[in-house]
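Participant:
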Amino acid sequence: MERFAVPAPTLARRMLGWRLVSEVGGVRTSGRVIETEAYLGPEDPASHAATRKGRTDRNASMFEGGGTAYLYFTYGMHWCFNVAAGAPGEPGAVLVRALEPLEGREVMEARRGRSRDLTSGPARLCQALGLDGTHDGHRLEGPPLWIEEGDAPDERRIGVSGRVGIRKARRWPLRFFLEGHPDLSGGKAPPSDPRTLPAELHWIHRPGSSIRRSTSTESA
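The numbers in the sequence shown follow my numbering, run straight up by one, and end at 244.
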């Protein structure tokens with residue numbers, strides 16, 4: 025699982041174009057990753073790892089090393105899917121915010137009860153692919169849930185912004201997306217501002233970094 029053993033910002037950008045595949049109830053569904061957000065360890069106040077207790081029952085999968093599925097329940101009704109990043113014991117995760125539907129569209133429509141916006145949002149894509157807490161902690165190497173590498177998108181199509189729906193560190197440049205894609209999620213993304221990063225995270229936007237800032241104000 026070496027491809028996942030990198031810092032969360034690197035993995036979040038790298039995953040664009042990869043395929044998330046589920047086999048739930050004997051049915052295969054999949055989607056192409058088009059939008060992600062990176063969450064770091066205790067140094068990131070928006071991360072689930074930024075707690076006084078450190079590792080907890082809820083966030084344990086973040087500490088299990090890159091390539092571990094981390095699913096959490098939010099708002100008392102929705103599941104969100106993340107991929108743990110980095111080395112074991114060093115928490116970090118990539119939230120998958122949107123997919124382009126590929127296989128099993130009819131199944132997705134039945135699960136969602138609609139034919140539009142099937143995977144354009146963290147909760148929507150979990151419902152469409154049949155993901156829930158039973159998949160938390162699963163290593164993403166095979167059924168019922170795994171990730172396949174895909175063709176990297178054109179660099180010019182990759183946008184960067186602040187993160188959606190959070191209050192702390194919301195303008196850190198940690199949301200990555202394919203600009204103009206019709207299946208992007210619907211939240212309002214703030215513009216990124218690298219100046220808000222703490223000194224130890226300036227590597228994310230140092231000169232020559234492959235992670236660039238986008239001036240796009242496109243919503244998540």
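We treat Cβ as the ideally placed atom computed from N, Cα and C, and that holds for glycine.
#1: Are there 16 or more other CB atoms within 10 angstroms of the CB of SER54, so buried, or fewer, so exposed?
#2: Sort GLU67, ARG52, ALA62 by Cα distance to ALA223 and report the nearest one.
#3: Quick check for students: name the residue ranges of the beta strand (DSSP E) that lie wholly in the stretch 59-102, counting only runs of 3 or more.
#4: Run through DSSP, which three-state label would ARG135 get?
#5: Let me make sure I understand the geometry here. Which of ILE182, ASP156, VAL51 has the alpha-carbon closest to that of ARG37?
#6: Just verifying my parser: in three-state terms, what is the DSSP assignment at GLU203?
#7: Find out if the Cβ-Cβ distance for the pair LEU149, LEU169 is shorter than 9 angstroms.
#8: May I ask you to report which of helix, strand or coil DSSP gives SER238?
#9: I believe ALA147 touches HIS102 by the beta-carbon criterion, under 8 angstroms. Please report the beta-carbon distance rounded to the nearest angstrom.
#10: Name, in chain order, the residues that DSSP records as bridge partners for SER54.
#11: Please confirm whether ILE228 and ARG43 have their CB atoms less than 9 angstroms apart.
#12: Could you give the residue range of the beta strand (DSSP E) that holds ARG121?
Facilitator: The answer reads as follows:
#1: Answer is buried; the Cβ neighbour count reaches 16.
#2: GLU67
#3: 93-98
#4: helix
#5: ILE182
#6: Looking at GLU203 - three-state DSSP - the assignment turns out to be coil, as it is neither helix nor strand.
#7: no
#8: Confidence in SER238 is poor, its pLDDT being 38 and thus under 50, which makes the residue's placement unreliable; the coordinate value appears in the next sentence. Looking at SER238 - three-state DSSP - the assignment turns out to be coil, as it is neither helix nor strand.
#9: 4 angstroms
#10: VAL45
#11: For ILE228 and ARG43, no; Cβs fall outside 9 angstroms.
#12: 117-125
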